[in-house]
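Below is one structure, written out as structure tokens; comments come after it.
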Amino acid sequence: MLGWGDARMSSKWNSTIGKKFIMGLSGLLLIGYLIIHLAANLMIFIPDGGRSLNLYSHTLHKLGPVLLVARIILAALFIGHIVNGIWVTVVNRRARSSRYAMYASKGGPSKMSVASRWMAVTGIILMVFVPLHVNMFTLGPYYETVIDGEPMRDIYRLVVERFKEPATVVFYAAVMLFLLLHLAHGFWSALQSLGALNKRLLPVAYTTGLVLATLLAAGFFVLPIYTYFFIPLP
């Protein structure tokens, strides 16, 4: 049987505030992953025939169980973010308004932007996109190459092949626009949910989120377009 303190703690984490805290924390961790993921993907711009990208991918896969655990944690963060996001959205819509939304708009109309109003829509689009992305690349065809006498997966060839398909390029580029909207609101909203903001810091967080979202979305936006036009098939 739960004691009073345990019941109180359980109630806290099952409340809207608790859900927002979990959603905010998982969101920031996912943004951190996106930064690392983009940095790795930018290796495709290195004019070495995919050597750097393939070696990086091979090094990751050599981690074995560590990589598996990392993927499980990443999947848990993604699913947890979605579940809590849906819960909070449903509760807020039933209530029609909330203190959170009122506080977010105190800084001016700009805070309740297109990005904030479309969070649920952009979230659903990204929720559909991620499994498709994983299926296309992580679970995609296995091509093999040899670098310095060591056989490894030719992920570079797979990426270039996929981004030579016009439909894939258009799809990826379009989704990155939704990523921009989601992150632009999500960054400062996550910090607010964690209790890290006040009236003075809110504009700073809002601007930082917009800049960060633009850089990440632009990076992922350019990758398929540049590959399509400027990188030859291996």
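So the mapping is simple: the numbering used here equals the position in the sequence shown, first residue as 1, plus 320. Don't be surprised by glycine CBs; every beta carbon is placed ideally from N, CA and C. Owing to the predicted nature of the structure, the values given are computational and were not obtained by experimental measurement.
In this structure, F491 lies away from T547, with their beta-carbon atoms at least 9 Å apart. If you compare the alpha carbons of W508, L514 and S436 with that of I337, the shortest gap goes to L514. Only residues of its own chain outside the window of five on either side were considered, and among them N374, S377, H378, H381, Y462, Y463, E464 and T465 have a CB closer than 8 Å to the CB of R473, listed in chain order. Comparing alpha-carbon positions, the option among L553, T458, V454 and V408 lying closest to G443 turns out to be V408. DSSP places I475 outside any beta strand (DSSP E); the residue lies instead in the alpha helix (DSSP H), whose first and last residues are I475 to R482. E470 has I467 as its beta-bridge partners, per DSSP. By the C-beta criterion, the stretch 540-554 is judged not to be in contact with the stretch 516-529, since fewer than 3 inter-stretch pairs fall below 8 Å. In the three-state reduction of the DSSP assignment, F507 falls in the helix class. Burial check for R391: the Cβ neighbour count within 10 Å stays below 16, so the residue is exposed. Pairing V454 with G370 gives a Cβ-Cβ distance that is not under 9 Å. Rounded to the nearest angstrom, the gap between the Cα atoms of S509 and D368 is 40 Å. In the structure shown, T336 adopts helical secondary structure according to DSSP, grouped into three states.
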